[in-house]
Amino acid sequence: LLKNPPNLSGQNMDGDGPPPAAPAPSVASVLGDDDLFREILLFLGFPNLLVRAALVSKRWLLHASDPVFLRRFRERNPPRLLGFYAGYPGRYQFVPLPQPRELVALSRRPASPCDGAFARGAERLIHCRNGRLLTAFRSRWRQLRGGRFKHYLLAPLLAGEAPTVLPPAPPPTHERAQARFTQMFLPEDGARDGITLVHLLMVSRKVYAEIYALGSGGWGVPGTAVIEVEHPHGTTFLEELLPPVHGKVFMVRTSGYILGLDLATSTFFTLELPVGVRRSYLLSCADDSGLYLVSAAGFQLSVWLNGMTGDGHGAAGWLLVDTFSIREGCTRFADQNQTLMPQDGDFLRVAAVGDNAEFVFLDYATYGVVLYVHLRSRVVEKVYEQAPYDHGNVHIGRIHISPFMMMWPPVFPALNRGHDKEQLSQHV
Numbered sequence: 001l002l003k004n005p006p007n008l009s010g011q012n013m014d015g016d017g018p019p020p021a022a023p024a025p026s027v028a029s030v031l032g033d034d035d036l037f038r039e040i041l042l043f044l045g046f047p048n049l050l051v052r053a054a055l056v057s058k059r060w061l062l063h064a065s066d067p068v069f070l071r072r073f074r075e076r077n078p079p080r081l082l083g084f085y086a087g088y089p090g091r092y093q094f095v096p097l098p099q100p101r102e103l104v105a106l107s108r109r110p111a112s113p114c115d116g117a118f119a120r121g122a123e124r125l126i127h128c129r130n131g132r133l134l135t136a137f138r139s140r141w142r143q144l145r146g147g148r149f150k151h152y153l154l155a156p157l158l159a160g161e162a163p164t165v166l167p168p169a170p171p172p173t174h175e176r177a178q179a180r181f182t183q184m185f186l187p188e189d190g191a192r193d194g195i196t197l198v199h200l201l202m203v204s205r206k207v208y209a210e211i212y213a214l215g216s217g218g219w220g221v222p223g224t225a226v227i228e229v230e231h232p233h234g235t236t237f238l239e240e241l242l243p244p245v246h247g248k249v250f251m252v253r254t255s256g257y258i259l260g261l262d263l264a265t266s267t268f269f270t271l272e273l274p275v276g277v278r279r280s281y282l283l284s285c286a287d288d289s290g291l292y293l294v295s296a297a298g299f300q301l302s303v304w305l306n307g308m309t310g311d312g313h314g315a316a317g318w319l320l321v322d323t324f325s326i327r328e329g330c331t332r333f334a335d336q337n338q339t340l341m342p343q344d345g346d347f348l349r350v351a352a353v354g355d356n357a358e359f360v361f362l363d364y365a366t367y368g369v370v371l372y373v374h375l376r377s378r379v380v381e382k383v384y385e386q387a388p389y390d391h392g393n394v395h396i397g398r399i400h401i402s403p404f405m406m407m408w409p410p411v412f413p414a415l416n417r418g419h420d421k422e423q424l425s426q427h428v
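Start counting the sequence shown at 1; every next residue gets the next number (the UniProt record's numbering).
Next comes the structure, spelled out in structure tokens:
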């Protein structure tokens, strides 16, 4: 080593200066390769960063917005849960969940409706999906006079996007209904258009449905359906109307089965519940045309899957894919907060569930708290605690939970053609 010391100086051994560096590929040659460039875009990780990249040039926009590329991007980077809305009509608040630094600023935007529209005290959150909100507002004067609600479409993640006022919702046409239920839904595919309005009416032993789709010309002509159902005396014909799953809406009932309505064909069908499931459950979409059902019985959570093919409408069509107890997780919270003491008879209501049964929110009404459970990892977290009334330690009751996901597909900037070049206008 002393006779031949290593060359640490960076100079040529002949004393003529540093050795020549190997030629590195230029940035232009890397980014100019379309296949390699798309692979680089996949590593951006989040849709908002993909939209930023699309602002660089027309070529980058065309690659980032290509449908084939977007499918690959979604498979690698599924939309994230930014947080959730919790509360009651006129008293909603947005609760952000922990995010990586690239999404911190974006995750604050969904709080804006709570600071504005919801703060007026008469706002209702009708449906939340894919980064958009459907709300209803009725002024104090309209409330006193029995006026109808005005409905709005909001997109908090789109900077500068003003609320869109929807055309007045058509009332039910059946006048002899003993019970009525109306719900409005955002489209499943994330499109701006395609809002659905469903009226359900109970007349004697029959349930009538009126289905409207909002298009450029308004609500259009309704599709209608009718079915005769068993309706035990003293019970309601419907407890809850769930958001569409694969083009079908499902009605939670107390009679051991779910009543389904196919929106495309305007036909009713029945779907039996899994054995042992009677209450505290919700549905979510699975891949292809399948359906997940997440139920809670005490502290025991169960996840069922129905392929919805062949005779899948029967109880035998359900496959139990997972079941576990969250009692230990609740006990951990009790150790941190002595006001939370889990008991065997406690009731946990399934308040919301994510697509592909990724997560579930549970309303632990006994103690006024909301639990978040990531169903794949079985991690349980307390994410919200309900504020008691000012007079006494009494909680308001059933709380409404609406998960807020990142928007998909991303809303890309539009191309503005100038006199001498094409420019991109930033939309988000």
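Glycine included, every Cβ here is placed at the ideal spot set by N, Cα and C.
Assumed close pair Val350, Ser295 - CB separation to whole angstroms, cut-off 8 Å: 7 Å
Nearest-angstrom Cα distance between Tyr88 and Pro409? 29 Å
Please state whether DSSP places Gly260 in a helix, a strand or coil. Here Gly260 sits in strand by DSSP.
Three-state class that DSSP yields for Glu161 in the structure shown: coil
Rounding to the nearest angstrom, what Cα-Cα distance links Pro98 and Gly218 in this structure? 40 Å
DSSP-derived helix/strand/coil call for Glu240: Glu240: strand per DSSP, three-state reduction.
Starting from Leu49, follow its DSSP beta bridges and name the residues at the other end. Paired residues: none, contrary to the question.
Check whether residue 436 and Leu36 have beta carbons under 7 Å apart: Given that the chain is displayed from residue 1 to residue 428, the structure contains no residue 436 and the question cannot be resolved.
Check each candidate in Gly354, Thr366, Gly256 and name the one with the smallest Cα separation from Val373. Measuring from the Cα of Val373, the nearest candidate turns out to be Gly354.
Assign Ile326 to one of three DSSP states: helix, strand, or coil. Assigned with DSSP and collapsed to three states, Ile326 falls in coil, not helix or strand.
Please tell me whether Ala352 and Ile401 are closer than 7 Å, where the distance is taken between their beta carbons. yes
Throw me the rounded Cβ distance for the Ala213 and Gly190 pair, which I believe falls under 8 Å. The Cβ separation is near 16 Å, so there is no contact.
Which residue from Ala297, Ser204, Leu166 puts its Cα closest to that of Val275? By alpha-carbon distance to Val275, the top candidate from Ala297, Ser204, Leu166 is Ala297.
Can you tell me whether Ile40 is helix, strand or coil according to DSSP? helix
Start-to-end residues for the beta strand (DSSP E) that takes in Trp304: Element bounds for Trp304: 300-306.
Short Cβ contact (7 Å threshold) for Phe361 with Gly83: no
Is DSSP giving His233 helix, strand or coil here? Confidence at His233 is low in this model, with a pLDDT of 49, below 50, so the placement of that residue is unreliable and no value is reported for it.
Whose CA, out of Tyr384, Arg376, Phe359, Leu375, lies closest to the CA of Gly368? Tyr384
Burial state of Leu261, where buried means 16 or more other Cβ atoms lie within 10 Å: So Leu261 counts as buried.
Which residues does DSSP list as the beta-bridge partners of Ala251? Here residue 251 is Met; the residue named in the question, Ala, does not match the sequence. Met251 is bridged to Leu241, Leu259.
Can you give me the C-alpha to C-alpha distance between Gly121 and Ala169, rounded to a whole angstrom? Here Gly121 scores only 48 on pLDDT, less than 50, and its place in the model should not be relied on; the value that follows carries that caveat. So the alpha carbons of these two residues sit roughly 22 Å apart.
Counting along the chain, where does the beta strand (DSSP E) carrying Leu62 start and finish? That residue, Leu62, is in no beta strand (DSSP E); its alpha helix (DSSP H) goes 58-64.
Once the 5 residues before and after Pro96 are set aside, which same chain residues still bring their CB inside 6 Å of it? Excluding five sequence positions before and after Pro96, the CB atoms of its chain that fall closer than 6 Å to its own CB belong to Gly83, Ser107, given in chain order.
Residues in its own chain within less than 6 Å of Phe69 by CB, not counting five upstream and five downstream? Arg38
Applying the 10 Å Cβ sphere with the 16-neighbour rule, what's the burial state of Lys248? buried
In terms of DSSP beta bridges, what is Gly223 paired with? Ile211
Just the C-alpha distance for residue 449 and Val56, rounded to the nearest angstrom, thanks. A query on residue 449 cannot be resolved here, the shown segment of the chain reaching from 1 to 428 and no further.
If you follow the beta strand (DSSP E) that Pro96 is part of, which residue opens it and which one closes it? 93-96
Val104 - DSSP class collapsed to helix/strand/coil: Val104 falls in the helix class under three-state DSSP.
For Thr135, which three-state DSSP category applies? strand
List the endpoints of the continuous beta strand (DSSP E) containing Val68. Premise fails: Val68 lies in the alpha helix (DSSP H), 67-76, not in any beta strand (DSSP E).
Using DSSP with H/G/I as helix, E/B as strand and the rest coil, what is Thr331? helix
Reduced DSSP category for Pro110 - H, G, I as helix; E, B as strand; rest coil: helix
Who are Met202's beta bridge partners in DSSP? Ala179, Val207
How about Lys206 and Glu175: do their beta carbons lie closer than 7 Å? no
Selection from Trp318, Asp288, Glu240 that minimises the alpha carbon distance to Leu273: Trp318
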